[in-house]
Ligand SMILES: NC(=O)c1ccc[n+]([C@@H]2O[C@H](COP(=O)([O-])OP(=O)(O)OC[C@H]3O[C@@H](n4cnc5c(N)ncnc54)[C@H](OP(=O)(O)O)[C@@H]3O)[C@@H](O)[C@H]2O)c1
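Residue numbers (this note's numbering): 1061 to 1310.
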């Protein structure tokens, strides 16, 4: 008997992968979305007696997002009796990292807006329309401190995460019966941080600070962060604070 359906975007690596592993339990269906499948995750879920399904989609493209929402609809229709449905909008990009006068590629800007904001809105809309109102429904949007405090070089990234916070607050007002949170996850040792450290100072003036954080082992591991987020998500108080930061609970 399948009781719980958990949808996670950006499941192939980093925080999304660690969250999927943390949440893989018997009687749960984990539905992962990303461009690349992670066969290790499928095997891990099987070993935990959790079900796993993967939707391959490029969420930075409107047509990829439409494909993902279509697949999601079919999948949700197949599990009308589950007692809980949780959506974790985690997929994201920090690109393009550049200061305002250097943001000369509209295509990269559009991809970031579509992935970080557009896909999150579309997946949330599909989730709301195709899950039973009587179920325990939760939406966790992975935001960032960059959306709350401006950082040079992160104009696009910060704007998208600020939009995530705003959309989350709107959704929470419109759907008070759905527990909804925009959560900053802290600084985590993932590919995203590697990309940040590799970006030239001219484009990202704070680069040295992130190199120092890494050298001083001050980045949280994805597993550590996922463990805290999983506990936070499952807690009865989830949704009482719409815009939050997991570091308050370390
Ligand atoms: N790492 C940090 O320090 C940090 C700090 C604050 C907030 N965050 C937020 O935490 C979330 C996860 O970040 P992370 O550090 O785990 O990043 P990551 O290591 O770069 O992983 C990103 C995940 O998103 C997926 N993804 C990227 N582009 C995609 C696309 N076009 N379509 C579908 N999926 C896509 C990737 O899978 P594929 O490549 O297989 O598609 C991957 O699974 C993001 O929302 C990020 O903004 C991270």
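Every residue, glycine too, gets a C-beta built ideally from N, C-alpha and C.
Contact test: residue i Cβ vs ligand 1 heavy atom, cutoff 7 angstroms
i            : result
residue 1165 : no
residue 1184 : no
residue 1259 : no
residue 1340 : Outside the shown range of the chain (1061 to 1310) lies residue 1340, about which nothing can therefore be said.
residue 1156 : no
residue 1272 : no
residue 1071 : yes
residue 1095 : yes
residue 1204 : yes
residue 1295 : no
residue 1223 : no
residue 1076 : yes
residue 1247 : yes
residue 1150 : yes
residue 1117 : yes
residue 1141 : no
residue 1262 : no
residue 1175 : yes
residue 1253 : yes
residue 1103 : no
residue 1210 : no
Three-way DSSP call (helix, strand, coil) for residue i in this model
i            : result
residue 1113 : strand
residue 1150 : coil
residue 1176 : helix
residue 1092 : strand
residue 1310 : coil
residue 1216 : helix
residue 1160 : helix
residue 1069 : strand
residue 1293 : helix
residue 1183 : helix
residue 1200 : strand
Distance between residue j and residue i (C-alpha atoms, nearest Å)
i            : j            : result
residue 1146 : residue 1185 : 13 angstroms
residue 1286 : residue 1269 : 24 angstroms
residue 1250 : residue 1136 : 30 angstroms
residue 1216 : residue 1205 : 13 angstroms
residue 1130 : residue 1240 : 22 angstroms
residue 1288 : residue 1096 : 26 angstroms
residue 1252 : residue 1189 : 32 angstroms
residue 1259 : residue 1157 : 7 angstroms
residue 1086 : residue 1113 : 14 angstroms
residue 1081 : residue 1101 : 7 angstroms
residue 1183 : residue 1103 : 26 angstroms
residue 1191 : residue 1174 : 24 angstroms
residue 1254 : residue 1244 : 19 angstroms
residue 1315 : residue 1301 : Only positions 1061 to 1310 of the chain appear in this structure, which leaves residue 1315 out of reach.
residue 1262 : residue 1106 : 46 angstroms
residue 1231 : residue 1264 : 33 angstroms
Residues near residue i by beta carbon distance below 7 angstroms, same chain, minus five either side
i            : result
residue 1070 : 1076, 1094, 1150, 1151, 1152
residue 1142 : 1062, 1063, 1064, 1065, 1195
residue 1079 : 1068, 1148, 1150, 1286, 1289, 1290
residue 1309 : 1288, 1292
residue 1273 : 1247, 1279
residue 1133 : 1186, 1190
Close Cβ partners of residue i (< 6 angstroms) along its chain, the five nearest in sequence each way excluded
i            : result
residue 1296 : none
residue 1160 : 1215
residue 1176 : 1152, 1220
residue 1124 : 1117, 1118
Any chain D beta carbon closer than 8 angstroms to residue i
i            : result
residue 1106 : Checking the listed chains, one finds no chain D in this structure; it contains a single protein chain.
List in chain order: all unbroken beta strand (DSSP E) runs of 3+ residues lying wholly within the region 1219-1287.
1239-1244
What are the uninterrupted segments assigned as alpha helix (DSSP H) that are 4 or more residues long and contained completely in the region 1097-1146, given in chain order?
1099-1107, 1122-1137
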